[in-house]
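Asks:
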Amino acid sequence: DAGVTQSPTHLIKTRGQHVTLRCSPISGHKSVSWYQQVLGQGPQFIFQYYEKEERGRGNFPDRFSARQFPNYSSELNVNALLLGDSALYLCASSLAGALPYNEQFFGPGTRLTVL
Amino acid sequence: TQLLEQSPQFLSIQEGENLTVYCNSSSVFSSLQWYRQEPGEGPVLLVTVVTGGEVKKLKRLTFQFGDARKDSSLHITAAQPGDTGLYLCAGSSPDSGNTPLVFGKGTRLSVIA
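Protein chains in written order, with our numbering: chain L, 840 to 954; chain F, 221 to 333.
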């Protein structure tokens, strides 16, 4: 079975540009979460979507937005990029609701570099 | 705000040695997960512990959830170079089983042959 897939693998942008990152969850998983991981830190929660609805939002500015599609895949959009947005962006999928606890499986990530 | 503190931050040991990594919080978690992450890759789930006092073993790795569900430990026996990586603990709030994970900053382990 395929795991969580993310695209692109790497991305280089300049300040002020916009970026779209994509994620496909594990088959059968209906929840997708996005995390930002800067060098030397643990992942920080950005968004959680379940059944196409936003279920949670972390402490990130409105430049960050996301959506989930009917096939449960998801996009993360970041506008007006800043140097500080350079990070590894991780997507995680989970069964959400099928288990009494939150067990998430991560994709390989998209490495975003803002110049 | 729930926080998870991991210690030590860095650990460098010789092949064959034993080690323990700690994950502590003042908050109660409904579950706690341990991940291992290689450079430039996503975290890979190692184990989920749910019940206070629970102990799980994965080959040479032993995971324990504290009785009060506020802390956890990971013990590696006879470490091997393949164990090198960033070990992350992450917890879920007891308010809802599906809230986002709170991560610690990780323990970077280096096992020298």
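Backbone N, C-alpha and C fix where the C-beta goes; we use that ideal spot for every residue, glycine too.
#1: What residues of chain L sit near Gln253 of chain F, judged by a beta carbon separation below 7 Å?
#2: In the structure shown, what three-state DSSP assignment does Asp303 of chain F receive?
#3: Please determine whether the Cβ atom of Phe285 of chain F lies at a distance below 7 Å from any heavy atom of the ligand GTP.
#4: Where DSSP assigns a beta bridge to Val843 of chain L, which residues make up the other side?
#5: Any idea what DSSP makes of Gly260 of chain F, helix, strand or coil?
#6: Tell me, please, which residues DSSP counts as bridged to Asp291 of chain F.
#7: Could you check whether the Cβ of Ser925 of chain L sits closer than 8 Å to any Cβ belonging to chain F?
#8: With DSSP as the reference, identify every bridge partner of Gly946 of chain L, one or two as the case may be.
#9: Going along the chain, which unbroken runs of the beta strand (DSSP E) with 3 or more residues stay wholly within the region 859–916 of chain L?
#10: Which stretch, first to last residue, makes up the beta strand (DSSP E) that contains Glu274 of chain F?
#11: Can you pull the chain F residues whose beta carbon is under 9 Å from the beta carbon of Ser957 of chain L, in chain order?
#12: Is it the case that the region 903–921 of chain L contacts the region 878–895 of chain L, given that we only count it when at least three CB pairs across the two stretches are under 8 Å?
#13: What does Arg950 of chain L touch in chain F if you count any residue whose Cβ is under 7 Å from its own?
#14: Assuming Thr297 of chain F and Asn238 of chain F make a contact with CB atoms under 8 Å, what is their CB distance in whole Å?
#15: Going straight from the alpha carbon of Ser866 of chain L to that of Leu294 of chain F, what length do you get?
#16: With DSSP collapsed to three states, give me the class of Gly326 of chain F.
#17: Counting only Cβ pairs nearer than 8 Å, list the residues of chain L close to Pro263 of chain F.
#18: Using DSSP bridges, identify the partner residues of His849 of chain L.
#19: What is the DSSP secondary structure of Leu231 of chain F, reduced to helix, strand or coil?
#20: Just to confirm before moving on: does the CB-CB distance between Leu860 of chain L and Thr952 of chain L stay below 8 Å?
#21: DSSP has Gly311 of chain F in a bridge; who is on the other side?
#22: Let me know the secondary structure DSSP gives Leu223 of chain F once reduced to three states.
Replies: In terms of the structure at hand:
#1: Glu942
#2: helix
#3: Although the ligand GTP was asked about, the structure shown includes no ligands whatsoever.
#4: Note: Val843 of chain L sits in no beta bridge, so no partner.
#5: coil
#6: F:Asn244
#7: no
#8: Gly946 of chain L pairs with nothing; no bridge assigned.
#9: 870–876, 883–889, 892–896 and 903–907
#10: Looking at the DSSP string, Glu274 of chain F is not in any beta strand (DSSP E), and its letter there is neither H nor E.
#11: Since the displayed chain L opens at 840 and closes at 954, residue 957 of chain L lies outside it and no answer follows.
#12: yes
#13: Gly260
#14: 5 Å
#15: 30 Å
#16: coil
#17: Pro882, Leu929 and Phe945
#18: L:Arg950
#19: strand
#20: no
#21: F:Leu252 and F:Val322
#22: coil
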